[in-house]
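The structure appears right after this line, and notes come after that.
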Amino acid sequence: MPDSLMYQEDHFVVLETAQPEQFLTAAEMLEKLRSILSQHQDNLPRDLQSLPTIQEQAKHLLDTACELDVGSGDYLQWYAVRLEK
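The sequence shown begins at 250 in the working numbering and counts up by one.
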């Protein structure tokens, strides 16, 4: 039986154009996605266009994807990681 720890997404590593990698908590990652989505409402992926709020869009993106096209050759990718103490 798989350990439930394998499915926890409490921390993420974030890769962005011309930025060092960052480690964010789930709440911080959600806030980052909300901020980016608020700037790109005119060019959203099709699956996000039907969601009425930026909060719902960010949550859906966090739950179902690991990258977002932010245009002009820039990228934003995130991956769930498990941090050991």
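Ideal placement from N, C-alpha and C gives every residue a C-beta, glycine not left out.
Assuming residue i contacts residue j under a Cβ cut-off of 8 angstroms, what Cβ separation, rounded to an integer in Å, is found between them?
i, j, result
"Ala275", "Asp291", "With 8 angstroms as the limit, Ala275 and Asp291 do not qualify as a contact, their Cβ atoms being about 27 angstroms apart."
What is the DSSP secondary structure of residue i, reduced to helix, strand or coil?
i, result
"Gln271", "strand"
"His260", "strand"
"Asp296", "helix"
"Asp318", "strand"
"Leu325", "strand"
"Glu265", "strand"
Could you name the residues of the same chain whose beta carbon sits closer than 7 angstroms to that of residue i, not counting the 5 residues immediately before and after it, in chain order?
i, result
"Thr266", "Asp323, Tyr324"
"Leu282", "Ala307, Leu310, Leu311"
Less than 6 angstroms between C-beta atoms, sequence neighbours within five positions excluded: which residues of the same chain meet that for residue i?
i, result
"Leu317", "Leu325"
"Met255", "At Met255 the pLDDT is 44, less than 50, meaning the model places this residue with poor confidence and gives no usable figure here."
Just to confirm my understanding: we take residue i, look at its own chain, exclude 5 residues before and 5 after, and list those with CB closer than 8 angstroms. What are they?
i, result
"Thr313", "Asp296"
"Val263", "Glu270, Gln271, Phe272, Leu273, Met278, Lys281, Leu325, Gln326, Trp327"
Next on the checklist: Counting beta carbon pairs with one atom in the segment 325-333 and one in the segment 295-307, are three or more of them shorter than 8 angstroms?
Outcome noted: no
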